[in-house]
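Visitor: Our numbering applies: residue 4 is where the sequence shown begins, and numbers increase by one.
Okay, here's the structure, questions in a sec.
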Amino acid sequence: MKSCSGTMRRFLTDAGYLRPSPAVDGLLTPAQAAAAAWCSWMRDERGLSEKTIAARRRYATGLLDVITADDGDLDWDRLDAAVVNGYVAEHQDS
4 MKSCSGTMRR
14 FLTDAGYLRP
24 SPAVDGLLTP
34 AQAAAAAWCS
44 WMRDERGLSE
54 KTIAARRRYA
64 TGLLDVITAD
74 DGDLDWDRLD
84 AAVVNGYVAE
94 HQDS
């Protein structure tokens, strides 16, 4: 099965559901920028509480660590069903 997460992310960004990762002159890693953009989306578009956002962010940042390449960039092509399922199985009690 070919991963389509990169395509999906671009689609969601272009459609306005995800914000592009902000260019912050190196102050944030790509994973931090993606997490911040996702948290802003949850807050602004979904109206979620800060408590809910914090819980989801903790979980998601671990998953972002899994798809972070050696150079620090996010490798969205690594994010497929097997990776997500494995991460969820490992962290189900977290």
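Where is the CB? At the ideal position from N, CA and C, for every residue including glycine.
Around the Cβ of V27, are there at least 16 other Cβ atoms within 10 angstroms (buried) or fewer (exposed)?
Guide: The predicted position of V27 is uncertain, since its pLDDT is 44 and thus under 50; a value taken from the coordinates is nonetheless stated next. Looking at its Cβ environment, which holds fewer than 16 other Cβ atoms inside 10 Å, V27 is exposed.
Visitor: Taking 8 angstroms as the cut-off, decide whether the C-beta atoms of W44 and L21 are in contact.
Guide: Taking 8 angstroms as the Cβ cut-off, W44 and L21 qualify as a contacting pair.
Visitor: Helix, strand or coil for V27, going by three-state DSSP, please let me know.
Guide: In this prediction, V27 scores a pLDDT of 44, lower than 50, which makes its location untrustworthy; the coordinate-derived value is nonetheless stated afterwards. Correct three-state label for V27: coil.
Visitor: Does the Cβ-Cβ distance between L77 and A37 come in under 8 angstroms?
Guide: Yes, they are a contact pair.
Visitor: Using the rule of at least 16 other Cβ atoms within 10 Å of the residue's Cβ for burial, across every protein chain shown, is I34 buried or exposed?
Guide: It should be noted that the sequence gives Ala, not Ile, for residue 34. Under this definition A34 is a buried residue.
Visitor: Would you report the Cα separation of G19 and D96, rounded to the nearest angstrom?
Guide: Taking the straight line from one Cα to the other gives about 33 angstroms.
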